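So the structure is just underneath, and the comments pick up after that.
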Amino acid sequence: MIHDISVEELLQLQKDNNLLPIDVRSPSEYAAATIPGSINIPIFNDEERAEIGTLYKQVNVQAAKERGLEIVSAKLPAFIREFAAIPQQKAVFCWRGGMRSRTSATVLSLMGIKAYRLTGGIRAYRKWVVDQLASYELQAPAIVLNGHTGSGKTEILRQLQQEGYPVLDLEGMAGHRGSVFGHIGYAAHNQKTFDALLLQELLQHQQAPYMLFEAESQRIGKVALPEFLLTKKEQGTHLWIDLPMEARIRHIIEDYKPEQHAEACMEAFLRIKERIHTPIAAEIQRHLESSQYEDAVGLLLQYYYDPRYEHTASHYDGDKRIMIQANSVMEAAERVKEYLAAQQNR
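Per this note's numbering, residue 6 is the first one in the sequence shown, and the count goes up by one each step.
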């Protein structure tokens, strides 16, 4: 017997650590977007799914079903063993709660393995996420990390997140650092994945006394921030991380590892080259070509990124701007924690 559950029921069971969502769609569908925390046990791989789809369109539904049954039958022993090895409760889902999840749940039930099925599949989950974000009200005051490029804002947030502070790692959710170089070394996420990860974190921290996140623009790589978050950013208290130029350059080199991504760095630079004074742009390009990355980064900060940040800074209320001066990213993180502790004790 198949036991269908709603999106809300699935997420509550998952939150209670009692359930593992299992995406039975093909690997490429799973990679494109899924429910955070789910694993992929595909009933068809990408090639098999394409073959069945072709039969469905070019022959008929019955031919597609028969070929699907033939493929699944050969996989059943391994498929069942994989599910049986999972100790938690299980919930299977496909695109819209159709044939793939129904087949999976039925076969598992016949073998004595209980598995819920998500009503409406990933499509229902996506609609739920969109609806939730459209009406979401972030009640906690925002504490926004701001500052020049290379000041370690994302690293500070991730350290605080590891220590249990309420953090929205927007760049981590987007798979992008938010600049023309931001994709280097990252796997960019699409809007569906970003929205799902964002909502998951927002719901996790609903009772938090404040919310920490970085001052991002409306777009980070391929994704767009929801309007309520941009409004909260404007209203929030901004902690401006102020590090020496040498520390910023060192942090950027450690983070981006340009020696491992020389071609991508050059391609990114060429996209902004025309916006930089010609002699300086030529000097930066020479440094990149000769792997003198510290010199290239220093010039990029001085002549491109810092002027842009100073222009942005003029738009924020000075009364809500707190300077955090430090000599390193780790020291800055400690200063931020000291500020947060002082605010809690007021």
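Using N, Cα and C, we set each Cβ at its ideal position, and we do this for glycine too.
Since this is a predicted model, take the numbers as computed values, not measurements.
For PRO82, the enclosing alpha helix (DSSP H) stretches over residues 66-89.
Sixteen is the threshold: since fewer than 16 other Cβ atoms of the shown chains lie within 10 Å of the Cβ of VAL135, the residue is exposed. Here DSSP, grouped into helix, strand and coil, assigns GLU299 to helix. When DSSP states are grouped into helix, strand and coil, GLU221 belongs to the coil group.
Annotation: the continuous alpha helix (DSSP H) that includes ILE285 extends over 283-294. Listed in chain order, the alpha helix (DSSP H) runs fully inside the segment 169-242 are 175-179, 196-209 and 232-240, counting runs of at least 4 residues. Taking all protein chains in view, the Cβ of LYS62 is surrounded by fewer than 16 other Cβ atoms within 10 Å, so the residue is classified as exposed. It is roughly 10 Å from the alpha-carbon of LEU202 to the alpha-carbon of LEU208. Cβ-Cβ separation between TYR344 and LEU244: approximately 7 Å, consistent with a contact (criterion under 8 Å). The alpha-carbon separation between ILE46 and ILE76 amounts to approximately 15 Å. For GLY152, the enclosing beta strand (DSSP E) begins and ends at 147-152. Annotated three-state conformation of TYR314 is helix, per DSSP.
Here ILE148 is buried, its C-beta having at least 16 other C-beta atoms within 10 Å. Short of 8 Å from the beta carbon of HIS256, and not among the five residues preceding or following it, lie these beta carbons of its own chain, in chain order: GLY155, SER156, GLY157, GLU160, LEU248 and VAL334. Around the beta-carbon of ASN151, 16 or more other beta-carbon atoms lie within 10 Å, marking it buried.
When C-beta atoms of the segment 255-272 are compared with those of the segment 167-174, fewer than three pairs fall below 8 Å, so the two segments do not count as touching.
For ILE254, the enclosing alpha helix (DSSP H) begins and ends at 250-261. At the C-beta level, GLN164 and ALA338 come within 8 Å of one another.
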